[in-house]
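Line by line, the protein sequences are chains A and B. FYI, the working numbering numbers position 105 of the first sequence as 105, with every residue one higher than the one before it. To convert a position in the second sequence, counted from 1, into the working numbering, add 495. Note that CB positions come from ideal geometry on N, CA and C, so glycine has one too.
2 protein chains.
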Amino acid sequence: MRDWLSQRAKLSPEDVALIFKNEQWTYAQLNESVHAVAGILHEKGINAGAHVGILLQNRPIYVVIIHALARLRAVTVPLNLRLKSNELSWQISQAECVFILCSNESKDRLSDLELKNLEMILVDSMGWPTVINRASNLETQPFLFDLEAVQGIYFTSGTTGRPKGAMLTFKNHLWSAMGSAYRLGHHSDDRWLLVLPLYHIGGQAVVFRACQYGITIVLQERFDAEDLYQALKMHQVSIVSLVPTMLQRLILSFDDDGVPEKLRCILLGGATAPQSLVDHCLARNIPIALTYGLTEAASQVATASPAQVRLNPGTVGKPLFSCELHIVRQGNTECQPYEVGEIVVTGETIMQGYFHAQEATETALFQGGLHTGDLGYLDESGNLWVVSRRTDLIISGGENVYPIEVENVLLSHPAVREACVVGIDDPEWGQRVYALVVKDALEVSEQELIAYCRKHLAAYKRPYMVHFLDQIPRTASGKILRNAAKEQLESIVAI
Amino acid sequence: MRDWLSQRAKLSPEDVALIFKNEQWTYAQLNESVHAVAGILHEKGINAGAHVGILLQNRPIYVVIIHALARLRAVTVPLNLRLKSNELSWQISQAECVFILCSNESKDRLSDLELKNLEMILVDSMGWPTVINRASNLETQPFLFDLEAVQGIYFTSGTTGRPKGAMLTFKNHLWSAMGSAYRLGHHSDDRWLLVLPLYHIGGQAVVFRACQYGITIVLQERFDAEDLYQALKMHQVSIVSLVPTMLQRLILSFDDDGVPEKLRCILLGGATAPQSLVDHCLARNIPIALTYGLTEAASQVATASPAQVRLNPGTVGKPLFSCELHIVRQGNTECQPYEVGEIVVTGETIMQGYFHAQEATETALFQGGLHTGDLGYLDESGNLWVVSRRTDLIISGGENVYPIEVENVLLSHPAVREACVVGIDDPEWGQRVYALVVKDALEVSEQELIAYCRKHLAAYKRPYMVHFLDQIPRTASGKILRNAAKEQLESIVAI
């Protein structure tokens, strides 16, 4: 199949592809940019199959690079900007990146990495956007996509242990876009505001959808409620993807100045939306779509459209046309309606597997389904209700925090003997990270431990509070009783 | 992939799938109907791989049967209701049908066929729709579709000789639906009126699209301008597929009573729309989309949306996202913009080939493209302008007439020595069939020959006029000069 962007540029060259601040690019201009940038990257040695890390802010060049790497048949490895050096270093080597694209702002993050055989490319030095007319040494068009090929490796916590790289193919993105359009509708004048980070699947999926549908992306560099509200109004945005924490802050503007006229869908995902937020939106006619998605399934899996949310507030709805949902209990037998079990997803959007992690892949993918580790149930109509995300996963402000990672850092401190990390519900962040710690012989303060974590972990992963105690609740066999630990912490927080 | 209808019935059971006269069926009800009917057909011996002819009017049961045969993995062979016995007999045996589904009204058409090993099933005797709750001996759900499997064999004139059966796969239909949605938009409250015969690809494509998108089909049994206008209004139809001849008659109602409020797109295909019709629609704000499609490409290939028609009246627009267009001249080299050549289509919607017609398949499909035999050019923006459909093809009221078929019937008459059949432009029908005949020793009248053709050919194929002359214009090698013959006839008609 023809390269999606060059096909789109042929079909709607004059339509606006991308708006960022006061600038905009048509599909023809975006395609020319991508051609020039792909030429530069090719000269620097990026070829088909190369794994290329991206450590960039939400900027137009990020969108250009996503398409350029696809055109070169290189594999995109988006890296979370909030990771600490050791986390970055681990992901870069785990994904076997041979190049890394960074900016003047992000390059310092790489300075103390000890990575051999890794070439750093500074995107600010490429001269974009003035390179558009530069001769390119790329092969002549048309570029073709092999739909079965891996487009990117997306790090995700998975159900256990350290982050793993989910391999998503072009086919996964194509089917995801189709399923999303059939659920949310595709209007020819749609404009999709993208404030989710492009290093998350929820951000990247919008890039591919927009290109396939031929609609406009309104890109925001970072979340600021007032800026976002103004952008929604000024650019006549019709769809925006948000995590609940963002919407919590944004609705203050809605309350003051009304819902922007053209806004027909706020796609709310990344974490379970608090019922109070859903109720507030319904009361004020704010059109929210609730969605359940996973990196391993190329973003949206189930989605309740705004009309469906009004009928049945709280459910994340039915699976997309391209997916199926099953709720299973132990032994992989199907649950009855309302019976809670593990959410299993099948369909054409499921990842190829985790990169170089055969065991984790076999744990996640078997009998044709993605075993999410998330708990939920289906009602008698087949609507999905998510009970809890991956048993231990903490989702704070839309970012996934896997407790074991934080616990490992705490345990690496000489004064810590035992550690248990849990997420406690928080009205603003959805959840916040809390830690229970049993001290060893040495003395240490809460502030010291938080500072220690700040040094070794992305800011959103470090504990908001550390509580010391004599004993962490465990099973007879020594396994941490996370729910008991959580209850204990909740009672402390409540005081 | 899961059977589309059972997936849709899970996702939107309460949404209306089908409206016919005063009746309607939800997706859940349609799915139950299909399950019951598939069970009956299965009991009658229809299994995976069986070729099943359908000779039915546009009725709800036709829609049910399309889905039921797909569920049984049988191959649908839609048959044109207007064919004469000998034509029917040829197509049925050519497609190797082992069953044929007909109604009380259509069964007489089969009575004088001499077909061995063909079982006739009368759909009126199946008891639908009251069979819904009948126990079915079908295997348990879910039913799965193999996207690479052949869904149907659709007879089409092809570029030469007798009709050939184009094999379309589920994948072809899936990509066609996706491409159409991205071009025309998909609104969750869309209702698509279907008056095109279900035995044509343009009709059947709507059945698959509606099911994938989850929208409503408003089915009409036959074309009647006043009935159609009332149905558009009463059922709040947003999209309707028409051939130009139908729209010519319908616009009188638009002129008198206005364009129905919800109607956002009249998809006009099957034949080139006369410029006068396009101009009339533009002047009155009638939202027409002009499309170029082929049976061999699962319907739409290029489409100009109503907005694009307003900008650039006359073009059929750009290819769908799922297709590509090339204009080639002899030797398969690509033409320049505005240079007329043969239209070649590539993409995921192209048929697998013609059934049991290897030579014709090799003529149509080579170097990865469908060589349509139609002539056209691309403007500098890549919009397609169709100059003429397959060299000799006559399109009359949206039906394809291949001259050689009519000529063969004329030549079979003892009084005819030579015959040449051409299409002459007609304001109502697009084209009408005219014949030039050189008599043999015997005497024969125009009326006798027309009556003779009426006996052996579908009504739309018989000549509207037969003109006798002494010599048919031919090349030195004896090949008919069709353009010269046409000019000669045009000058006679003009008198």
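**Item:** Contact list for residue 591(B) against chain A, beta-carbon separation under 9 Å
**Value:** Chain A residues near residue 591(B): none, gap ~32 Å exceeds 9 Å.
**Asked** Does the separation of the CB atoms of residue 592(B) and residue 546(B) fall below 8 Å?
**Response** yes
**Request:** May I ask you to verify whether the region 545-561 of chain B touches the region 580-598 of chain B, counting CB pairs closer than 8 Å and requiring at least 3?
**Result:** yes
**Item:** Cβ shell of residue 816(B) (< 8 Å), same chain only, five flanking positions each side left out
**Value:** Only 673, 674, 677 and 678 meet the Cβ criterion.
**Request:** Please name the residue in 49(A), 20(A), 14(A) and 48(A) whose C-alpha comes closest to that of residue 32(A).
**Result:** 14(A)
**Prompt:** Which two residues bound the contiguous beta strand (DSSP E) that contains residue 730(B)?
**Reply:** Taken as a continuous stretch (DSSP letters only), residue 730(B) belongs to no beta strand (DSSP E), as it is neither H nor E.
**Asked** Any heavy atom of the ligand GDP within a distance shorter than 7 Å of the CB on residue 748(B)?
**Response** Among the ligands in the structure shown, none appear at all, so the ligand GDP cannot be discussed.
**Item:** Spatial distance of residue 159(A) from residue 863(B) (CA atoms)
**Value:** Summary for residue 159(A): the model assigns pLDDT 45, below 50, so the residue's position carries little reliability, and this model does not support an answer.
**Prompt:** Starting from residue 977(B) and walking both ways along the alpha helix (DSSP H), at which residues does that stretch end?
**Reply:** 977-989
**Request:** Output yes or no for whether 8 Å exceeds the beta carbon distance between residue 291(A) and residue 268(A).
**Result:** yes
**Request:** Just the C-alpha distance for residue 932(B) and residue 736(B), rounded to the nearest angstrom, thanks.
**Result:** 37 Å
**Prompt:** For residue 682(B), which residues in chain A fall below 8 Å Cβ to Cβ?
**Reply:** 185 and 187
**Request:** Just the chain B side, please: which residues come within less than 8 Å of residue 213(A) by C-beta, in chain order?
**Result:** 677
**Message:** Could you tell me the alpha carbon to alpha carbon distance between residue 873(B) and residue 784(B), rounded to whole angstroms?
**Reply:** 18 Å
**Prompt:** In this structure, does DSSP put residue 170(A) in helix, strand or coil?
**Reply:** helix
**Request:** Look at the Cβ atom of residue 668(B), then the Cβ atom of residue 703(B), and state whether they are nearer than 8 Å.
**Result:** yes
**Prompt:** In or out: residue 39(A) buried (at least 16 other Cβ within 10 Å) or exposed?
**Reply:** buried
**Request:** Tell me where the beta strand (DSSP E) around residue 417(A) begins and ends.
**Result:** 416-426
**Request:** In angstroms with no decimal places, state the Cα-to-Cα distance between residue 26(A) and residue 232(A).
**Result:** 19 Å
**Prompt:** Taking the alpha-carbon positions, what's the residue 518(B) to residue 686(B) distance?
**Reply:** 15 Å
**Asked** So, does the CB of residue 127(A) fall closer than 8 Å to a CB anywhere in chain B?
**Response** Answer no: the Cβ-Cβ gap between residue 127(A) and chain B never drops below 8 Å.
**Prompt:** Based on Cα-Cα distance, which residue from 795(B), 626(B) and 896(B) lies nearest to residue 841(B)?
**Reply:** 795(B)
**Request:** Along the beta strand (DSSP E) that carries residue 896(B), what are the first and last residues, could you check?
**Result:** 894-896
**Message:** Just verifying my parser: in three-state terms, what is the DSSP assignment at residue 42(A)?
**Reply:** helix
**Message:** Using a 10 Å radius around the Cβ and a threshold of 16 neighbouring Cβ atoms, would you call residue 833(B) buried or exposed?
**Reply:** exposed
**Item:** chain B contacts made by the region 372-389 of chain A, where a contact means CB separation under 7 Å
**Value:** Taking 7 Å as the upper bound on Cβ-Cβ separation, chain B lies near residues 382 of the region 372-389 of chain A.
**Request:** Within its chain, find whatever has a CB closer than 7 Å to the CB of residue 744(B); leave out the 5 residues flanking it on each side and keep chain order.
**Result:** 720
**Request:** Using a Cβ-Cβ cut-off of less than 7 Å, list which residues of the region 497-513 of chain B approach chain C; keep chain order.
**Result:** Absence of chain C from the displayed structure is noted, the protein chains being A and B.
**Every unbroken alpha helix (DSSP H) within the region 184-258 of chain A, with a cutoff of 4 residues, ordered by chain** = 201-213, 225-234 and 244-257
**Request:** Using a Cβ-Cβ cut-off of less than 8 Å, give me the residues of the region 305-321 of chain A that come near chain B, in sequence order.
**Result:** From the region 305-321 of chain A, only 305, 307, 318, 319 and 321 have a Cβ closer than 8 Å to chain B.
**Request:** Would you mind telling me which residues of chain B sit closer than 7 Å to residue 324(A), beta carbon to beta carbon, in chain order?
**Result:** 497
**Request:** Could you tell me whether the Cβ of residue 982(B) comes closer than 8 Å to any Cβ of chain A?
**Result:** Chain A contact via Cβ: absent.
**Request:** Measure how close the beta-carbons of residue 569(B) and residue 543(B) come, nearest whole angstrom, since I'm counting them as under 8 Å.
**Result:** 7 Å
**Asked** Mind listing which residues of the region 714-727 of chain B have their C-beta closer than 8 Å to chain A's C-betas, in chain order?
**Response** none
**Message:** Quick check on residue 178(A) - is its C-beta less than 8 Å from some C-beta in chain B?
**Reply:** Among the CB atoms of chain B, one or more fall inside 8 Å of the CB of residue 178(A).
**Request:** For residue 770(B), count neighbouring C-beta atoms within 10 Å of its own C-beta (all shown protein chains included) and say buried if the count is 16 or more, exposed if not.
**Result:** exposed
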